[in-house]
Amino acid sequence: MRMWDGMRMWDGMRMWDGMRMWDEDVGWDGQRVSETRGNPSPRLTARLPGGGRGGVCVFVRKLSIAHSVTRCSAAASLRERAALAMLAAMGGSLVPALIERYVAAMVLSGAGDLLGFKNGSWEFSRDGPAIHRELQQLGGLEKLDASGWMVSDDTVMHLATAEALADWRREDGLSPLYRKMAQKYKNCMKDMTGRAPGLTCIKSARQLQPKVDGGWTIPFDPKGGGCGGAMRAMCIGLRFPHDTELDTLIAIAVESGRMTHHHPTGYLGSLAAALFTAYAVSGKPTESWGKGLLDTLDKAKSYVKTAGKHVEDNLAAWPYFENQWKKYLQERGIADGKSKPTFPEKYGVVERDKFYSSVSYSGWGGSSGHDSTIIAYDAILGSGDSWIELCNRGVFHGGDNDSTGAIAAAWWGAMYGFQEVPKSNFENLEYKQRLVTLGEKLYELSHSSYTRLSAKSSCDAVM
Ligand SMILES: [Mg+2]
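Position 172, counted from 1, in the sequence shown is what the numbering used here calls 160; the numbers after and before it change by one each time, with no gaps.
Written out as structure tokens, the structure reads:
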């Protein structure tokens, strides 16, 4: 029996959780191989068909994560490529290690931001076809040399959220985390030169008072529906990917979002960005994500009521985000969470620009909490495991494309790792090492104890 649940690969007595392989017969767990042979961590495991004991062949590429980031699959040795191609040809599945997917979620999010931003000239273009023409003139995404391109405010604020999460000890409770986040958001405003930060973020960060009890909450903002909360929340889903942690994910996504965007359209975008990252890590089918979000909104509303901050204002402004998402899911035919999405017969760059604009609040597709996440999700649904297609849809469009790019690329990386991503897209990425370190740290924090416990109980259930 073989089953993949996104976190663990089951095969009778063997189980793969993205980091370790348990095998009763062989007594091998990947970590021991790394230790005895001096390799820091396995990167990819490929499985052959056959099933049952002895029917599974495990091929481990003994490359460290840091090494894998600098040498992506496109640069693998001929021997490695030949081995992987052979396994793929035989019908085996290639499963990037979960830790690689964590690192990829952080690093590729930065790449999606940088590619959409293009030092400001593509972020503020409303003309998708012109962006695609210019991209081709630069050699296309496969050959694009992005040296000298900066990440924008999206990545700087995503780093701030992730660093607060990485520094926080769960046993201290949530207040210290919110203080850290508020302080990080204030501090990161010093690193915004040339990165086009949003005015709402700038204004709100000034109001935050991390040293005052409750000073991480700003007043309700009728104009706070922008995407600034969503674009920096993906790492919350990396930190809390387990179903049992949903309440914590909701609370942190809402509070971190409304530190700058105290309006449901803004902070529910933060919730969607975090929740879909958790779904990506957990291997939930992408067509179920939208329904999962709608099913979660009632819990989020209960949280907002219980938290007791500007409740009436929040509830009065609540329906817009929910209604826009309902409309979108109906349009794609996935309101039931089970059907496969349907797209218009002709859905090229021009048509996508029109659609993205139509789901937006004021015509600038991706600039609000709801449409940044809708557009990123639309790109995920339409791209499968193709990084190039994801960028064509989720990054290179007219609108707020650095934010949709940062969000969509994080979700994609959390599912597929660095699979087939051209090295040049992230090789010289600004803040790459910080992003790598945070991906590794968030993996450790979210899985170190949880995995061992759930692995044991899951093994017991199967045996
Ligand atoms: Mg930006």
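Here a beta-carbon is modelled for each residue, glycine too, at the ideal position from N, C-alpha and C.
Coil, strand or helix - P410 by DSSP: Per DSSP, reduced to three states, the secondary structure at P410 is coil, with no helix or strand assignment.
Counted within 10 angstroms of its Cβ, other Cβ atoms place A150 as buried (16 or more) or exposed: buried
CA-to-CA distance, D209 to P329, given in whole angstroms: 35 Å
Beta strand (DSSP E) segments (min. 3 residues) lying fully within the region 199 to 285: none
Same chain, Cβ closer than 8 Å to H120, five either side skipped, listed in chain order: Once the five neighbours on either side are set aside, the close Cβ partners of H120 are V337, N380 and F384.
Ligand 1 heavy atom lying under 7 Å from the CB of E477: Nothing about residue 477 can be reported from this structure: the residues present for the chain run from -11 to 451 only.
Selected residue, minimal CA-CA separation from P84, among A402, V424 and S434: A402
Y335 versus E122: straight-line alpha-carbon distance, rounded: Near 20 Å, if we compare the C-alpha coordinates of E122 and Y335.
Rounded separation between M169 and E159 - CA only: 17 Å
One or two residues paired with S356 in a DSSP bridge: G214
When A134, G214, P252 and D231 are compared against E300, the one with the closest alpha-carbon: P252
Between the CA atoms of R194 and F487 - distance to the nearest angstrom: It is not possible to answer for residue 487, since the shown part of the chain is limited to -11 through 451.
DSSP state of P84 mapped onto helix, strand, coil: The three-state reading of DSSP puts P84 in strand, counting E and B together.
Any non-hydrogen atom of ligand 1 closer than 7 Å to E408 Cβ: no
Cβ pair V91, V424 closer than 8 Å: yes
F105 Cβ short of 7 Å to ligand 1 heavy atom set: yes
Beta-carbon gap between N413 and L129 smaller than 8 Å: yes
Alpha-carbon to alpha-carbon, R220 and D142: 6 Å
Nonlocal neighbours in the same chain, by C-beta distance under 8 Å from Q312, ignoring five residues either side: V347, H358, D359 and I362
With 16 other Cβ atoms within 10 Å as the buried cut-off, status of H435: The residue in question, H435, is buried, as its Cβ has 16 or more Cβ neighbours within 10 Å.
Exposure label - S391; buried when at least 16 CB within 10 Å: buried
C-alpha gap between K297 and E243, whole angstroms: 10 Å
Residue of K199, Q125, G216 and A154 minimising C-alpha distance to S192: Closest by alpha carbon: G216.
7 Å Cβ shell around M180 - same chain, five flanking residues per side excluded: D141 and V144
Exercise answer, beta-carbon shell around ligand 1 heavy atoms below 5 Å: S140, D141, D142 and D390
Exposure of P307, with buried meaning 16 or more beta-carbon neighbours within 10 Å: exposed
Proximity below 8 Å, CB of C223 to CB of M94: For the 8 Å CB-CB criterion, C223 and M94 form a contact.
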